[in-house]
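Asker: Taken in sequence, the protein lines are chains A and B.
Just so it is clear: in the first sequence, position 86 is 94 by this note's numbering, and no numbers are missing.
Just so it is clear: in the second sequence, position 233 is 1716 by this note's numbering, and no numbers are missing.
For each residue, glycine too, the CB sits at the ideal point set by N, CA and C.
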Amino acid sequence: MTARWRPVLAPAVHLRYDRVRGTDLLLLPERVVVLKGSAGDVLRLCNGEREVPDIVAELARRHPGAPVADEVPAFLGRIRAEGWLR
Amino acid sequence: MNTLSPPSGACDPAMASPRSPGSPGTSPVRPWALLAELTHGCPLRCPYCSNPLELATKSAELTTAEWEDALRQAADLGVVSAHLSGGEPLLRPDLTEIVAAADGAGIHTQLVTSGVGLGRARLGRLADAGLRSVQLSVQHADPATNDLIAGRRSFTDKERTAALIREAGLPLGLNVVLHRHNLDALDALLDLAPAWGADRIELANTQFYGWALRNRAALLPSRERLAVAARTVRRRRAELAEQRIEVVWVVPDYFEGNAKPCMGGWGAISFTITPDGTVLPCPAAAAIPGLDAPTVRDHDLEWIWHRSRTFTRYRGTAWMREPCRSCDLREKDFGGCRCQAFALTGDASATDPACRFSPDHHLVRDLVDAPPAPASPTLGEPRRPARRAAAVAPEEAEEAEEAEEAH
Ligand code: SF4
Ligand code: SF4
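1. Let me see if you follow: with CB-CB separation under 7 Å, is A/PRO37 close to chain B or not?
2. What three-state label does DSSP hand B/PHE1817 in the structure shown?
3. Take the Cβ of B/SER1542 as the centre, count every other Cβ of all protein chains shown within 10 Å, and call the residue buried at 16 or more, exposed below.
4. Along chain B, in chain order, which residues have C-beta atoms closer than 9 Å to that of A/ALA77?
5. Please name the residue, chosen from A/ASP49, A/ALA82, A/LEU35, that lies closest to A/GLU66 on a Cα-to-Cα basis.
6. Nearer than 6 Å: is that true of the beta carbon of B/ARG1813 relative to any heavy atom of ligand 2?
7. Just the chain B side, please: which residues come within less than 9 Å of A/GLY56 by C-beta, in chain order?
8. Measuring only the C-alpha atoms, how far is A/VAL16 from B/LEU1567?
9. Among B/GLN1622, B/ALA1627, B/THR1547, B/ALA1651, which has the Cα closest to the Cα of B/LEU1669?
10. Is any beta-carbon of chain B found at less than 7 Å from that of A/ALA18?
11. Here's the rule I'm using: 16 or more other beta-carbon atoms within 10 Å means buried, otherwise exposed. How should B/PRO1836 be labelled?
12. Please go through the same chain and pick out, in chain order, the residues whose beta-carbon is closer than 6 Å to the beta-carbon of B/TRP1550, but skip the five residues on each side of it.
13. Answer yes or no: does any C-beta atom of chain A fall closer than 7 Å to that of B/PRO1507?
14. Would you check if there are 3 or more beta carbon pairs closer than 8 Å linking the stretch 1788-1805 of chain B to the stretch 1743-1762 of chain B?
15. Using a Cβ-Cβ cut-off of less than 9 Å, list which residues of the stretch 1631-1654 of chain B approach chain A; keep chain order.
16. May I have the straight-line CA-CA distance separating B/THR1778 from B/ALA1767, to the nearest angstrom?
17. When we look at the beta-carbon of B/VAL1711 and count the other beta-carbons within 10 Å, is it buried (16 or more) or exposed?
18. Does A/VAL64 get closer than 7 Å to chain B when you measure Cβ to Cβ?
19. Please report how far the alpha carbon of A/LYS44 lies from the alpha carbon of A/LEU33, in whole angstroms.
20. Give the C-beta separation of B/GLY1818 and B/THR1834 to the nearest angstrom, bearing in mind that I take them to be a contact with Cβ-Cβ under 8 Å.
21. Can you pull the chain A neighbours of B/GLN1593, defined as C-beta to C-beta under 8 Å?
22. Going by the DSSP bridge assignment, what does B/ASP1736 pair with across the sheet?
23. At 8 Å on the CB atoms, spell out the chain B contacts of A/GLY91, in chain order.
24. Taking 7 Å as the threshold (C-beta atoms), are B/ALA1651 and B/ALA1610 in contact?
25. Quick check on this structure: which residue in B/ARG1608, B/SER1637, B/PRO1865, B/PRO1772 has the alpha carbon closest to the alpha carbon of B/THR1596?
26. With H, G and I counted as helix, E and B as strand and the rest as coil, what does DSSP make of B/GLY1505?
27. Let me know the beta strand (DSSP E) ranges lying completely inside the stretch 1736-1805 of chain B, each 3 residues or longer, listed in chain order.
28. For B/GLY1587, decide whether its Cβ has a neighbour in chain A, counting only Cβ atoms nearer than 7 Å.
29. Within the same chain, show all residues whose beta-carbon is closer than 7 Å to that of A/GLY12, passing over the 5 residues directly before and after it, in chain order.
30. Using beta-carbon positions only, say whether B/ALA1742 and B/ASP1816 come within less than 7 Å of one another.
31. Under the criterion of a Cβ to heavy atom distance below 6 Å, does B/LEU1527 qualify as lining ligand 1?
32. Taking just the CA atoms, how far does B/LEU1521 sit from B/ARG1575?
33. Can you look up B/GLU1642 in the DSSP assignment and give me helix, strand or coil?
34. Mind reading off the beta-carbon distance from B/ALA1676 to B/ILE1728? Whole number of angstroms is fine, and I expect it under 8 Å.
35. Return yes when the C-beta of B/GLY1773 is under 6 Å from any heavy atom of ligand 2, and no when it is not.
36. Determine the closest residue to B/LEU1578 out of B/ARG1839, B/PRO1758, B/ARG1866, with distance taken between C-alpha atoms.
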């Protein structure tokens, strides 16, 4: 399902750094989602041009040794299931 | 009128060093959301209007600069989301400046409107200023009944406004206050969501404060019809979800014997600024006597939120009496709604009578178990207009014409 997928945030979803709480957020009408850990950094790479393997490769480069190949596609799938990624 | 629910966390990929989400309940508690009532003026006259019985006059309204300053302070305090509401916020000629100030401070804005008096040009300016979403009220799915409940012709304006919002690419939510005069039209109301291109439809059973409390006998539905409506929502929700339309059902607290977790707790998640700058934990709280609510003209928001007696009074659980004090649900529903406790018992620190454990529960029980009122009661008393129609700003007049032509 992730083949050729170039994830991008849905139009109603805005990714924002919350300077008061020091955390990344997704802002939607009627909803705030607090992004934990590097979830915000992963979503920042979802620009509608990179495919999932490109995103994984970039994160693997930034975080050597982290299990990104397993974790990131699953995370992106969950966010898509929520309707926040297209 | 709805508010943001507590923020939810999104699962993090494992390479992350987990950080704790700044959820409510952690110290210091910070507000996430603001309800900005920009004016109490409104072209509509809904008999359940969430504005207080004492409407703020136009001359008392905050200036553009005062709103800009309040929004900056709100952002510094932690607010990330604002509903720009009223009355009808489109009656503020400086709405674009207010949106720009919120967006500039990092606050996500949603316009809450009746849809009357919004032309393409003005919506374009609002979107350019950073407006992120629009919530449009609908009174009924049948145009004539809609106009009867709203107290003026408005259905065609709403339909046209919905199309303009879609055209502008903004997310659209429909917002329906439910009562005995539109509950039976629920299927048709739900059909409006796909027909008008909405992403979301909120079905809010009337909450009985202010105007709605005054008109309660005319608005309160029967238990049987409410049960049918709840089944309708269950039946249609999945079908609409397939079309990516979210259905939100705000439960009627009178009927279930459960107090609602009002505002996610007093002074816990959000606050309201009224047209004259009064700052309240919720828009209905103005009716609580002795609350001595501060205003942005006299105090900064930091002090108001963290220190003012208005906000600390019912925060947390220390203020509670029995049966709430020793109840397992006190951290879940916060003892219900203070405004409703006051409205029905005269004591704002009482347990919400909607709760089955409240010693005053018979006050709502007797009402909902009473034999249904005669078949076609009145709609109730329309809310008063806050000011004369002549006060509509020149720009709105021009936009209205433009809208007529476009139509
Ligand atoms: S009269 Fe109706 S549209 Fe106007 S503010 Fe009240 S509820 Fe909203
Ligand atoms: S007694 Fe108080 S805390 Fe317990 S359920 Fe009722 S309102 Fe909620």
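Answerer: So, from the listed chains and residues:
1. Position 29 of the first sequence, counting from 1, holds the residue named residue 37 of chain A. It does: the Cβ of A/PRO37 has a partner Cβ on chain B nearer than 7 Å.
2. Here the question's residue 1817 of chain B lines up with position 334 in the second sequence. Coil at B/PHE1817, not helix or strand.
3. For the purposes of this step, residue 1542 of chain B is identified with residue 59 of the second sequence, where counting begins at 1. Burial call: exposed.
4. As a first step, residue 77 of chain A is located in the first sequence; it is residue number 69 there, counting from the start. Residues of chain B with a Cβ closer than 9 Å to the Cβ of A/ALA77 do not exist, since the nearest Cβ in that chain sits about 11 Å away.
5. Position 58 of the first sequence, counting from 1, holds the residue named residue 66 of chain A. Nearest C-alpha to A/GLU66: A/ASP49.
6. The residue you call residue 1813 of chain B lines up with position 330 of the second sequence. Because some heavy atom of ligand 2 lies under 6 Å away, the Cβ of B/ARG1813 counts as near it: yes.
7. Your numbering for residue 56 of chain A matches position 48 in the first sequence. By Cβ distance, chain B contributes nothing, its closest Cβ being about 16 Å from A/GLY56, past 9 Å.
8. Position 8 of the first sequence, counted from the first residue, corresponds to residue 16 of chain A. Position 84 of the second sequence, counted from the first residue, corresponds to residue 1567 of chain B. So the two alpha carbons sit approximately 28 Å from each other.
9. Mapped onto the second sequence, residue 1669 of chain B falls at position 186. Of B/GLN1622, B/ALA1627, B/THR1547, B/ALA1651, the residue nearest in Cα terms is B/GLN1622.
10. Against the first sequence, residue 18 of chain A aligns to sequence position 10. No - not a single Cβ of chain B is within 7 Å of the one on A/ALA18.
11. The residue you call residue 1836 of chain B lines up with position 353 of the second sequence. That one is buried.
12. Numbered from its first residue, the second sequence carries residue 1550 of chain B at position 67. Contacts found: ILE1581.
13. Along the second sequence, read from residue 1 onward, the residue named residue 1507 of chain B stands at position 24. For B/PRO1507, the pLDDT reaches just 43, beneath the cut-off of 50, and the residue's location in the model is therefore unreliable, although a value from the coordinates is still provided. For B/PRO1507, the answer is no, since every Cβ of chain A falls outside 7 Å of its Cβ.
14. Yes: at least three Cβ pairs fall under 8 Å.
15. GLY1652, LEU1653, PRO1654
16. Along the second sequence, read from residue 1 onward, the residue named residue 1778 of chain B stands at position 295. Along the second sequence, read from residue 1 onward, the residue named residue 1767 of chain B stands at position 284. Rounded to whole angstroms, B/THR1778 and B/ALA1767 show a C-alpha spacing of 16 Å.
17. Along the second sequence, read from residue 1 onward, the residue named residue 1711 of chain B stands at position 228. Exposed, by the Cβ-count rule.
18. Counted from its first residue, the first sequence places residue 64 of chain A at position 56. A/VAL64 does not count as touching chain B.
19. Within the first sequence, numbered from 1, the residue matching residue 44 of chain A stands at position 36. Within the first sequence, numbered from 1, the residue matching residue 33 of chain A stands at position 25. Near 9 Å, if we compare the C-alpha coordinates of A/LEU33 and A/LYS44.
20. The count along the second sequence starts at 1 and reaches residue 1818 of chain B at position 335. The count along the second sequence starts at 1 and reaches residue 1834 of chain B at position 351. Right, the Cβ-Cβ distance comes to about 6 Å (below 8 Å), so this counts as a contact.
21. Here residue 1593 of chain B is taken as the residue at index 110 of the second sequence, counted from 1. Neighbours of B/GLN1593 on chain A, chain order: PRO37, GLU38.
22. Residue numbering aside, residue 1736 of chain B sits at position 253 when the second sequence is read from its first letter. For B/ASP1736, which the question treats as bridged, DSSP gives no partner whatsoever.
23. In the first sequence, the residue the question calls residue 91 of chain A occupies position 83. Chain B residues near A/GLY91: ARG1727.
24. Looking up residue 1610 of chain B in the second sequence gives position 127. Looking up residue 1651 of chain B in the second sequence gives position 168. Yes, Cβ-Cβ distance for B/ALA1610 and B/ALA1651 is below 7 Å.
25. Here residue 1596 of chain B refers to the residue found at position 113 of the second sequence. Looking at the Cα atoms, B/SER1637 is the closest of the given residues.
26. Here residue 1505 of chain B is taken as the residue at index 22 of the second sequence, counted from 1. Only weak support is given to the placement of B/GLY1505: the predicted model assigns it a pLDDT of 40, under 50, and the question is left unresolved by the model.
27. 1753-1756
28. Position 104 of the second sequence holds residue 1587 of chain B. No, B/GLY1587 lies away from the interface with chain A (no Cβ there is under 7 Å from its Cβ).
29. By 1-based counting over the first sequence, the position of residue 12 of chain A is 4. In the sequence as presented, Gly is not what sits at residue 12 of chain A; that position holds Arg. Only GLU59 meet the Cβ criterion.
30. By one-based count along the second sequence, residue 1742 of chain B stands at place 259. By one-based count along the second sequence, residue 1816 of chain B stands at place 333. Yes, these two residues count as a Cβ contact at 7 Å.
31. Indexing the second sequence from 1 puts residue 1527 of chain B at position 44. Yes, the beta carbon of B/LEU1527 sits closer than 6 Å to at least one heavy atom of ligand 1.
32. Mapped onto the second sequence, residue 1575 of chain B falls at position 92. Mapped onto the second sequence, residue 1521 of chain B falls at position 38. Each residue's Cα considered, the two are about 7 Å apart.
33. On the second sequence, position 159 is the one that residue 1642 of chain B refers to. Of the three classes helix, strand and coil, the one that applies to B/GLU1642 here is helix, per DSSP.
34. Sequence index remark: in the second sequence, residue 1676 of chain B carries index 193 (1-based). Sequence index remark: in the second sequence, residue 1728 of chain B carries index 245 (1-based). B/ALA1676 to B/ILE1728, Cβ: 5 Å. Contact.
35. Position 290 of the second sequence, counting from 1, holds the residue named residue 1773 of chain B. No, the beta carbon of B/GLY1773 sits no closer than 6 Å to any heavy atom of ligand 2.
36. The sequence position of residue 1578 of chain B within the second sequence is 95, counting from 1. Taking only the C-alpha atoms, the option nearest B/LEU1578 is B/PRO1758.
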